[in-house]
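A.B. asks:
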Amino acid sequence: MKEGYVIRDQEKIHFVTCTVVDWIDVFSRKIYRDLVIDCFRYCIENKGMLVYGFVIMSNHIHIILQSKEGKLSDLIRDFKKFTAKSILDAIKQNPESRREWMLERFAKATETHTRNKNYQFWQYGNHAEEIYTLHFLWDKLNYIHLNPIRAGIVKKAQDYLYSSASNYVNGKGLFEIELADNPIIDVTKTNEFWKYGNYDKEE
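Numbering (our numbering), first residue to last: 6 to 208.
(1) What three-state label does DSSP hand residue 183 in the structure shown?
(2) Hey, how far is the Cα of residue 151 from the Cα of residue 143?
(3) Just the C-alpha distance for residue 183 and residue 163, rounded to the nearest angstrom, thanks.
(4) Is the distance from the Cβ of residue 178 to the Cβ of residue 169 below 8 Å?
(5) What first and last residue would you give for the alpha helix (DSSP H) that runs through residue 88?
(6) Among residues of its own chain, excluding the 5 on either side of residue 104, which ones have a beta-carbon nearer than 8 Å to its beta-carbon?
(7) Just to confirm my understanding: we take residue 66, look at its own chain, exclude 5 residues before and 5 after, and list those with CB closer than 6 Å. What are they?
(8) Going by alpha carbons, who is nearest to residue 13 out of 79, 29, 27 and 36?
(9) Roughly how many whole angstroms lie between the Cα atoms of residue 35 and residue 75?
(10) Among residues of its own chain, excluding the 5 on either side of residue 129, which ones have a beta-carbon nearer than 6 Å to its beta-carbon?
(11) Tell me which residues share the same chain as residue 209 and place their Cβ nearer than 6 Å to its Cβ, disregarding the 5 neighbours each side in the sequence.
(12) Are the CB atoms of residue 69 and residue 58 within a distance shorter than 8 Å?
(13) For the beta strand (DSSP E) containing residue 56, list its first residue and its last residue.
(14) Alpha carbon to alpha carbon, how far is residue 89 from residue 123?
(15) Just to confirm my understanding: we take residue 202, look at its own chain, exclude 5 residues before and 5 after, and list those with CB closer than 6 Å. What are they?
(16) Roughly how many angstroms separate the alpha carbons of residue 172 and residue 25, rounded to a whole number?
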């Protein structure tokens, strides 16, 4: 892991990214996105996970999170392990036209690492960045919530079901999150949180 991405303070809020091996578009299927949501709920209820924001894209997930128990590295490890097992089981057990190809890629990824014997679902590393100010927190929230707009999936951030944008705009989402304090707004920018409702172009 790069020096700049080491989690030094296990109690602080961090922005992390989980990326699928070879950038495979696993989450283009609803069934796998829903499994990630189930894992979020489980970790919130049983692992002390606090989620301030998230988005599930086709081949990666951005999360702004914190550990109630001050064990963030362990929490991220467990989350990735839990999601990987759930998704791999689903790929094997459910109708999936890409099954053989995906499992072959996940199996090949283990050749350069000895940690996983059969399949490696997530790339190693999380690119963890410590959230050290409220302004930085909202920079990251804006970034992740605008991902589906930049990808051309939706025109309004809150219309994308698999992110926390609707939690902030409509007060509800797929699960309850820890809402960040009121945003720091720069009215000169077109990509601030307050413009989510009518944001219709990429900056």
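Where a beta carbon is used, it is the ideal one built from N, C-alpha and C, also for glycine.
C.D. replies: Per the coordinate set shown:
(1) Three-state result, residue 183: coil.
(2) Looking at the backbone, the Cα of residue 151 and that of residue 143 are separated by about 12 Å.
(3) Roughly 17 Å between the two C-alpha positions.
(4) Taking 8 Å as the cut-off, the beta carbon of residue 178 is found closer than this to the beta carbon of residue 169.
(5) Element bounds for residue 88: 77 to 98.
(6) Around residue 104: 96 and 97.
(7) Here the set comprises 23.
(8) With distances taken between Cα atoms, residue 13 lies closest to 79.
(9) Distance between the alpha carbons of residue 35 and residue 75: 32 Å.
(10) Non-local beta-carbon contacts of residue 129 in its own chain, meaning distances under 6 Å to residues more than five positions away in sequence, are absent.
(11) In the structure as shown, the chain starts at 6 and stops at 208, and residue 209 therefore has no counterpart that could be examined.
(12) In this structure, residue 69 lies closer than 8 Å to residue 58 by Cβ.
(13) Unbroken beta strand (DSSP E) run through residue 56: 54 to 61.
(14) About 12 Å.
(15) With a pLDDT of only 49 at residue 202, under the threshold of 50, the placement of this residue in the model should not be trusted, and no figure is reported.
(16) Cα to Cα, the separation comes out at about 25 Å.
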